[in-house]
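Working notes for the structure below.
2 protein chains.
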Amino acid sequence: MNASFDTLLTLVKEKRFHALINALDSMNAVDIAEFLDTLDNTQLLLVFRTLKKDISAEIFSELSQESKSHIVNMATDTELAHIIEELYVDDAVDMLEEMPASIVKRCLKAANPETRALLNQFLKYPEDSAGSIMTAEFIDLRKTMTVEQAIAHIRETGLDKETVYVCYVIDATRKLEGVVTFRDLLFARPDQPLKEIMNTDVIFSGTFDDREETVRKLTRYNFLALPIVDAERRLVGIVTFDDAIDVIEEEATEDFSKMAAITPLSESYMKTGILSLAKSRALWLLLLMISSMITSVILEKYEAAFSAVPLLVSFIPMITGTGGNAGSQSSTMAIRGIALREIALKDWYKVLFKETSISLIVGSTLCIVNFVRLLIMYPGQLGVTIVVTLTMLGTVLIANAIGGILPILAKALGADPAIMAAPLITTFVDALSLLIYFSIASAIL
Amino acid sequence: MNASFDTLLTLVKEKRFHALINALDSMNAVDIAEFLDTLDNTQLLLVFRTLKKDISAEIFSELSQESKSHIVNMATDTELAHIIEELYVDDAVDMLEEMPASIVKRCLKAANPETRALLNQFLKYPEDSAGSIMTAEFIDLRKTMTVEQAIAHIRETGLDKETVYVCYVIDATRKLEGVVTFRDLLFARPDQPLKEIMNTDVIFSGTFDDREETVRKLTRYNFLALPIVDAERRLVGIVTFDDAIDVIEEEATEDFSKMAAITPLSESYMKTGILSLAKSRALWLLLLMISSMITSVILEKYEAAFSAVPLLVSFIPMITGTGGNAGSQSSTMAIRGIALREIALKDWYKVLFKETSISLIVGSTLCIVNFVRLLIMYPGQLGVTIVVTLTMLGTVLIANAIGGILPILAKALGADPAIMAAPLITTFVDALSLLIYFSIASAIL
Chain A
1 MNASFDTLLT
11 LVKEKRFHAL
21 INALDSMNAV
31 DIAEFLDTLD
41 NTQLLLVFRT
51 LKKDISAEIF
61 SELSQESKSH
71 IVNMATDTEL
81 AHIIEELYVD
91 DAVDMLEEMP
101 ASIVKRCLKA
111 ANPETRALLN
121 QFLKYPEDSA
131 GSIMTAEFID
141 LRKTMTVEQA
151 IAHIRETGLD
161 KETVYVCYVI
171 DATRKLEGVV
181 TFRDLLFARP
191 DQPLKEIMNT
201 DVIFSGTFDD
211 REETVRKLTR
221 YNFLALPIVD
231 AERRLVGIVT
241 FDDAIDVIEE
251 EATEDFSKMA
261 AITPLSESYM
271 KTGILSLAKS
281 RALWLLLLMI
291 SSMITSVILE
301 KYEAAFSAVP
311 LLVSFIPMIT
321 GTGGNAGSQS
331 STMAIRGIAL
341 REIALKDWYK
351 VLFKETSISL
361 IVGSTLCIVN
371 FVRLLIMYPG
381 QLGVTIVVTL
391 TMLGTVLIAN
401 AIGGILPILA
411 KALGADPAIM
421 AAPLITTFVD
431 ALSLLIYFSI
441 ASAIL
Chain B
1001 MNASFDTLLT
1011 LVKEKRFHAL
1021 INALDSMNAV
1031 DIAEFLDTLD
1041 NTQLLLVFRT
1051 LKKDISAEIF
1061 SELSQESKSH
1071 IVNMATDTEL
1081 AHIIEELYVD
1091 DAVDMLEEMP
1101 ASIVKRCLKA
1111 ANPETRALLN
1121 QFLKYPEDSA
1131 GSIMTAEFID
1141 LRKTMTVEQA
1151 IAHIRETGLD
1161 KETVYVCYVI
1171 DATRKLEGVV
1181 TFRDLLFARP
1191 DQPLKEIMNT
1201 DVIFSGTFDD
1211 REETVRKLTR
1221 YNFLALPIVD
1231 AERRLVGIVT
1241 FDDAIDVIEE
1251 EATEDFSKMA
1261 AITPLSESYM
1271 KTGILSLAKS
1281 RALWLLLLMI
1291 SSMITSVILE
1301 KYEAAFSAVP
1311 LLVSFIPMIT
1321 GTGGNAGSQS
1331 STMAIRGIAL
1341 REIALKDWYK
1351 VLFKETSISL
1361 IVGSTLCIVN
1371 FVRLLIMYPG
1381 QLGVTIVVTL
1391 TMLGTVLIAN
1401 AIGGILPILA
1411 KALGADPAIM
1421 AAPLITTFVD
1431 ALSLLIYFSI
1441 ASAIL
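Taken in order, these protein sequences are the chains called A and B.
Under our numbering, the first residue of the first sequence carries the number 1, and numbering increases by one thereafter.
Under our numbering, the first residue of the second sequence carries the number 1001, and numbering increases by one thereafter.
Rendered as structure tokens:
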């Protein structure tokens, strides 16, 4: 794909717009947007204005935030109105949420009153709610319609809907009564009324439900779309599978970030500036550095011990390292399990039992290998060998227990389990393993 | 949902199967399967056999591997034939892949010759290929058909297809020529031939293409389904959005596991036994423990240094900890960026530049805080304070550079970037930071 970007760029530079439009004609909107994102601001605006009106909004919704901003800044009121009216409400809301207030005002002014009211309503939903990811372009039907009438209605109103494949049956007060897929319509008799074929056990989410829960519901049932209702069970929007996929990717990326002690970024790594990247990491590093002060305090307390047996110092990084790794294994499993809804709060004792059993098996293995190795490499040091081996077992035991339980505890307290990942766990485990190490050393040596 | 599971269980126990079937009738297949998974083996078989034949295959495909095994083991040849014939090929293949050879043989024997040939062909695709996740139940059309004929054809053949919403146009040799969505058909004139409305710039994958690449293609373009072709560009299957979502979740879970030094599990954490869990972790922990031997060697070498200034020991966990955290921040960003295709191999110098710049900003911040803190807490120890502060800067610099580059290097060498995560990076950084620490200490003190 990138290979032909050069050809396209040549056409732009030589201002051969007719040839350019022809070349773009066979391309998918996503690829065209990727190409536009490579252009400089002047070229971008020039090419965007030559695009066919019927596809320009679709391409616009796929552009980077930077390109969108530039186009919106430079657009005339007529152009702005066209973009706002043609975008699906969810894409328009996504765009507006990232724009400065003055631009948002101009966009809302350019929209027609109906769209403006809708946008204002959608902009109010909290960031992580189902309302924030839904769109308003769905097909609604009445249960008294026949299959034939429903198909005619879809033909009439469906052209600018996000999907025509799942339709919702509502009553006179817009309350959700049933769901009908196009497949149902296709295989039913034309004269059958919808109330005979619709599914009345509709699975739905509320506008203020968590967006991750909403998406899990959609993926659990392999739905193309999930209806979103307000507090009175009136249908106000739908979430489609492509939005669901975006949320899944975003939530995973957020978890990866948090688990590495990084404040989640709003753009991709490559598109985020160095200062923003540094800011997303510095605070956490600082916090962790300061909390590791406790290890210094512990070590100072036991200065006498390692002054007497300096060899003890040599094993500090190995012990804290292994403890950190074991803890991060447990916490990663727990965090991912909670995210995928495989581990519930009530499972805490099962997790604790599993982790303790695992730590006994894994810990013993490490101890045996370690014991043999130290026996061979440090022949005269049976005392140290025993101390290190016992510490290893204790550390793995504590690390697994802490790693398995803290994410569940975080969830129980309403915090994000992903915070309880390697960095924080390591800090705890470092301190505890040193305490174990020197307590055992003081007792034995 | 779980609340009513008790009611259902009572019906099962009291053998009130008629009431049970009525209760299940309003439930989604996914929920029914979840209920069946809670039953014991005898109950499971009993209830499964009373299910309506037209939904039993769908419910079967949603069962846990354990329940599937039990049903297949106990099924008569007629029942087996029904299950195999009614399952979508991808679900049948998924099931067979987990079964012992003797059961696979029985299943294949029970299938009709056509299904058997298809299953044998699909079972041959490598585990991570597009072929391994595709299914064979798609709708194919000819370009000479009119819209009306196409819709009639879909009505006739579509009932057991995985999707009727995306149809593929093939020629007499089954080569893929175009794609038509049901939406296109709905808004076209009934007498238009498909060749006028089909999209000939079809985006597809090959059977042997990587499944992750295939899924990225589908999600990039927000497709409901992606066609899969063989080496001769003949259409052999499709991958649908729900399979894509499963792959995305699985790949993310795999990355989470690998990044925590865990061999990815084939089942969920809660469903995996303690021994398997221990096995998935012990080898990596052992490997990392042994590689951390290098830190012991370094510390032994500098025994004189910390014997002279024991205070130096107190800061070891803080330095290695901060280095590990900084390195894990960088490597996580790089690994996730590569997985989402945002970072390409050719971007390595951009990543290196970014990480170096970030480390200068973040490192300086940490140094200043640390310097002030040590000045206050250890008033007479200006030398140690300077050594620790300089080490901190050097460690963060090296940790970020290593963390950013190693995942890209792994990708370049054809290895999985997720291996180059916190645990391995920490081991490298531990050793390097100790070298820096004691080199600076020896020079200054």
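Ideal Cβ positions, reconstructed from N, Cα and C, are used throughout, including at glycine.
Item, Value
"Using a Cβ-Cβ cutoff of less than 8 Å, which residues in the same chain neighbour E1148 of chain B once the five nearest sequence positions on both sides are dropped?", "P1190, D1191"
"Using 8 Å as the limit for Cβ to Cβ distance, is R1174 of chain B near chain A?", "no"
"Would a C-beta distance cut-off of 8 Å place I298 of chain A and L345 of chain A closer than the cut-off?", "no"
"According to DSSP, simplified to helix, strand and coil, what is N1222 of chain B?", "coil"
"Please report the distance separating the alpha-carbon of M348 of chain A from that of E1303 of chain B.", "Here residue 348 of chain A is Trp; the residue named in the question, Met, does not match the sequence. Their backbone Cα atoms lie some 44 Å apart in a straight line."
"Assuming the contact rule is C-beta atoms closer than 8 Å, A1075 of chain B and T332 of chain A should be a hit. Round their C-beta distance to whole Å, please.", "Going by Cβ atoms, the distance from A1075 of chain B to T332 of chain A rounds to 39 Å, so no, they are not a contact pair."
"Taking the straight line between their C-alpha atoms, what separation do you get for E97 of chain A and C167 of chain A?", "28 Å"
"Could you give the first and the last residue of the continuous beta strand (DSSP E) run that contains T1181 of chain B?", "1176-1181"
"Pairs of beta-carbons, one from the stretch 1383-1400 of chain B and one from the stretch 1357-1368 of chain B, closer than 8 Å: are there three or more?", "yes"
"Return the chain-ordered list of same chain residues with a C-beta closer than 6 Å to the C-beta of F1371 of chain B, the five sequence neighbours on each side being excluded.", "T1389"
"Expressed to the nearest angstrom, what Euclidean distance is found between the alpha-carbon atoms of L1226 of chain B and F256 of chain A?", "28 Å"
"Got a sec? Which residues, its chain only, sit under 8 Å from Y378 of chain A by beta carbon, not counting five neighbours each side?", "L311, V384, T385"
"Extract the residue ranges of the alpha helix (DSSP H) inside the stretch 61-93 of chain A, only unbroken runs of 4 or more that lie entirely within it.", "65-74, 77-86"
"Please say whether T1295 of chain B and D1430 of chain B have beta carbons closer to each other than 8 Å?", "yes"
"At the 8 Å Cβ level, is M1289 of chain B part of the contact set with chain A, yes or no?", "yes"
"With the cut-off set at 8 Å, would you say D243 of chain A and D40 of chain A are in Cβ contact?", "no"
"What are the boundary residues of the beta strand (DSSP E) that includes T240 of chain A?", "235-240"
"Thinking A1186 of chain B and V164 of chain A are a contact (beta carbons under 8 Å), I'd like their distance in whole angstroms, please.", "The sequence shown places Leu at residue 1186 of chain B, rather than the Ala named in the question. Contact holds; Cβ gap of about 7 Å."
"May I have the straight-line CA-CA distance separating S1067 of chain B from E137 of chain A, to the nearest angstrom?", "41 Å"
"Counting only Cβ pairs nearer than 8 Å, list the residues of chain A close to M1270 of chain B.", "G337, E342, I343, D347, K350"
"Please compile the residues from chain B whose C-beta is within a distance smaller than 8 Å of the C-beta of F187 of chain A.", "R1155, G1158, L1159"
"Looking only at C-alpha atoms, which of A:M289, A:I376, A:P264 sits nearest to D416 of chain A?", "A:P264"
"Taking Cβ-Cβ distances shorter than 9 Å, what residues in chain A pair up with T1177 of chain B?", "The identity of residue 1177 of chain B in the sequence shown is Glu, whereas the question assumes Thr. By Cβ distance, chain A contributes nothing, its closest Cβ being about 14 Å from E1177 of chain B, past 9 Å."
"What are the boundary residues of the alpha helix (DSSP H) that V351 of chain A is part of?", "348-377"
"Using a Cβ-Cβ cut-off of 8 Å, state whether N222 of chain A counts as contacting chain B.", "yes"
"So, helix, strand or coil for N400 of chain A, using DSSP?", "helix"
"Tell me the DSSP secondary structure of D201 of chain A in three-state form.", "coil"
"Check the Cβ-Cβ distances between S1357 of chain B and every residue of chain A, and say whether any is below 8 Å.", "yes"
"Please compile the residues from chain B whose C-beta is within a distance smaller than 7 Å of the C-beta of I408 of chain A.", "Within 7 Å Cβ-Cβ: nothing; I408 of chain A doesn't reach chain B, min ~12 Å."
"For Y221 of chain A versus I248 of chain A, is the C-beta spacing smaller than 8 Å?", "no"
"Between N199 of chain A and V179 of chain A, how many whole angstroms is the CB-CB distance? I'm expecting something under 8 Å.", "5 Å"
"With D1031 of chain B as the anchor, note down where its alpha helix (DSSP H) starts and where it stops.", "1029-1037"
"Among residues of its own chain, excluding the 5 on either side of L1087 of chain B, which ones have a beta-carbon nearer than 8 Å to its beta-carbon?", "A1057, F1060, S1061, M1095"
"Grouping DSSP H, G and I as helix and E and B as strand, with all else coil, what is I1228 of chain B?", "strand"
"Taking L1235 of chain B as the reference, which of B:I1133, B:K1175, B:D1246, B:S1276 has the closest Cα?", "B:K1175"
"At least one CB of chain B closer than 8 Å to the CB of V369 of chain A: is that the case?", "yes"
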